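S.K.:
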Amino acid sequence: MRILFVGDVLGRAGRAAVVRYVPRLREKWALDFVVCNGENAAGGFGITEAICEEMLMAGVDCVTLGNHAFDQRETLVFIERQPRLLRPINYPPGTPGRGSNLFTAARGQQVLVINPMGRVFMDAIDDPFAAMERELGACPLGVACDAIVVDMHAETSSEKMALGHFVDGRASLVVGTHTHVPTADAQILPGGTAYLTDAGMTGDYDSVIGMDKEEPLRRFIRKTPGARYEPASGEATFCGVAVEIGADGLAAMISPVRLGGRLKQEWPQEWGAP
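Numbers 4 to 277, taken from my numbering, label the letters of the sequence shown in order.
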């Protein structure tokens, strides 16, 4: 099975990259399943129903979120009727929406997507490790599903790495989101789980983590309130990670994906040029 995970989509530039690349990559790479983090898709803060539908129509199978999940108040309502949109699984009981779901991939495989969120330097929410243990026990890899994709939305590398090792051999892919900077540690862990600390941002890298440079720079220099942050509007780099999953549900290959924009281009050579 071939799976593509797309890192944090930021603003209009990031959405344009999703619309440009996802349909093409699905065809050229014969992708079975595509997951995309969309928590910054609406002007950098949350997601709207129209934007979610735009991403799904482009060929994304599941949209994950994070600490900005409910920045757009309409998400509190439409997330209940959109099973392909996930919010962090360790939000308190009673939070609208769901933190995991089982999906049918292009060739009929069953893919479980889980969206835990870290607690270090983040909101004080429930334990992501306990939440993961419950989910993996309820839908074990190779028994109830053919692949498990985990979007660990967290601030610190250590918490992401710890969760990767915690589920090693029990998930197909653990990929970090949130920091908007791609890391260089794509690897297959000893138990067979593909791992990457951060997939990076699908947005304009001529920016401060996706935002137009002027206001963040002014705040760092002057330390006073000012204008609202606005997403940078230049060409986005489409950032993510590609994984090939074997019949046992574990990883056979992992490769960063970086296309367009300012960053050095990269893709899985085994799959051919995009």
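Idealized CB from N, CA, C, for every residue including glycine.
Please read all numbers here as calculations on a predicted model, not as lab measurements.
(1) Who are the Cβ neighbours of A230 in its own chain at under 6 Å, not counting the five residues just before and after it?
(2) Which same chain residues, not among the five before or five after A189, have their C-beta less than 7 Å away from its C-beta?
(3) Specify, as a first and last residue, the run of the alpha helix (DSSP H) that G167 falls within.
(4) Starting from V80 and walking both ways along the alpha helix (DSSP H), at which residues does that stretch end?
(5) Locate the beta strand (DSSP E) running through P259, then write down its first and last residues.
(6) Since E269 sits in a beta bridge, which residues does DSSP pair it with?
(7) Whose CA, out of L79, H168, G62, R18, lies closest to the CA of V37?
(8) By how many angstroms is the C-alpha of V80 removed from the C-alpha of M135?
(9) Does DSSP classify F8 as helix, strand or coil?
(10) Give the C-beta separation of V153 and I117 to the nearest angstrom, bearing in mind that I take them to be a contact with Cβ-Cβ under 8 Å.
(11) Entirely within the stretch 192-251 and at least 4 residues each: give me those alpha helix (DSSP H) ranges in chain order.
(12) Can you check whether the CB of A235 is closer than 8 Å to the CB of G206?
(13) Please classify L105 as buried or exposed, where buried requires at least 16 neighbouring CB atoms within 10 angstroms.
(14) Please state whether DSSP places A150 in a helix, a strand or coil.
(15) Once you ignore the five residues that flank C148 on each side, which residues in its own chain have a CB closer than 7 Å to its CB?
(16) When the Cα of L13 is compared with those of M214, L266, A250, P271, which residue comes out closest?
(17) Of all the options K31, N40, L192, which has the alpha carbon lying nearest to the alpha carbon of F8?
(18) Return the bridge partner residues of H156 from the DSSP annotation.
(19) Please report how far the alpha carbon of D64 lies from the alpha carbon of I212, in whole angstroms.
(20) Tell me which residue opens and which closes the beta strand (DSSP E) that F106 is part of.
(21) As a quick exercise: from A239, T240, A255, E238, pick the residue whose alpha carbon is nearest that of V246.
(22) What are the residues that DSSP puts in a beta bridge with N303?
(23) Residues in the same chain with beta-carbon distance under 8 Å from R110, minus the five sequence neighbours each way, listed in chain order, please.
(24) Judging by CA-CA distance, which residue of L28, A157, A45 is the nearest neighbour of A16?
(25) Does the beta-carbon of I224 have 16 or more other beta-carbons within 10 angstroms, so that it is buried, or is it exposed?
(26) DSSP on C142, reduced to helix/strand/coil?
(27) Tell whether a beta-carbon distance below 8 Å holds between A150 and I248.
M.R.: This is what the structure holds:
(1) For the purposes of this step, residue 230 is identified with residue 227 of the sequence shown, where counting begins at 1. E218.
(2) On the sequence shown, position 186 is the one that residue 189 refers to. Once the five neighbours on either side are set aside, the close Cβ partners of A189 are L199, V244, I257, S258, P259.
(3) Locating residue 167 in the sequence shown gives position 164, counting from the first residue. Here the alpha helix (DSSP H) through G167 covers 160-169.
(4) On the sequence shown, position 77 is the one that residue 80 refers to. Residues 78-81.
(5) The count along the sequence shown starts at 1 and reaches residue 259 at position 256. Here the beta strand (DSSP E) through P259 covers 254-262.
(6) Reading the sequence shown from its first residue, position 266 is the one you call residue 269. Its beta-bridge partners are R261.
(7) As a working note, residue 37 is residue 34 in the sequence shown. Here the closest residue by C-alpha is G62.
(8) Position 132 of the sequence shown holds residue 135. Position 77 of the sequence shown holds residue 80. Taking the straight line from one Cα to the other gives about 25 Å.
(9) As a first step, residue 8 is located in the sequence shown; it is residue number 5 there, counting from the start. In the structure shown, F8 sits in a strand (DSSP, three-state: E or B).
(10) Looking up residue 153 in the sequence shown gives position 150. Looking up residue 117 in the sequence shown gives position 114. Right, the Cβ-Cβ distance comes to about 5 Å (below 8 Å), so this counts as a contact.
(11) 217-225
(12) Stepping through the sequence shown from its first residue, residue 206 is reached at position 203. Stepping through the sequence shown from its first residue, residue 235 is reached at position 232. Yes, these two residues count as a Cβ contact at 8 Å.
(13) Locating residue 105 in the sequence shown gives position 102, counting from the first residue. Classification of L105: exposed, given that the 10 Å Cβ count is below 16.
(14) In the sequence shown, counting from the first residue as 1, residue 150 sits at position 147. A150: strand per DSSP, three-state reduction.
(15) Taking the first residue of the sequence shown as 1, we reach residue 148 at position 145. Taken in chain order, the residues that qualify are L105, Q113, V114, L115, C142.
(16) By one-based count along the sequence shown, residue 13 stands at place 10. The candidate whose alpha carbon is nearest that of L13 is M214.
(17) Along the sequence shown, one-based indexing puts residue 8 at 5. Comparing Cα positions, the closest option is N40.
(18) Mapped onto the sequence shown, residue 156 falls at position 153. Bridge partners of H156: M120, T180.
(19) Within the sequence shown, numbered from 1, the residue matching residue 64 stands at position 61. Within the sequence shown, numbered from 1, the residue matching residue 212 stands at position 209. Roughly 25 Å separates the two Cα atoms.
(20) Start at 1 with the first residue of the sequence shown, and residue 106 comes out as number 103. It spans 103-107 - the beta strand (DSSP E) in which F106 sits, taken as one unbroken run.
(21) Reading the sequence shown from its first residue, position 243 is the one you call residue 246. The shortest C-alpha separation from V246 is found at A255.
(22) The question about residue 303 has no answer, for the chain in this structure spans 4 to 277.
(23) Within the sequence shown, numbered from 1, the residue matching residue 110 stands at position 107. Same-chain partners within the cutoff: M4, D35.
(24) Along the sequence shown, one-based indexing puts residue 16 at 13. Closest by alpha carbon: A45.
(25) Your numbering for residue 224 matches position 221 in the sequence shown. With fewer than 16 other Cβ atoms within 10 Å, it is exposed.
(26) Here residue 142 is taken as the residue at index 139 of the sequence shown, counted from 1. Three-state DSSP puts C142 in coil, outside helix and strand.
(27) Here residue 150 refers to the residue found at position 147 of the sequence shown. Here residue 248 refers to the residue found at position 245 of the sequence shown. Yes, the pair counts as a contact, with Cβ atoms nearer than the cut-off.
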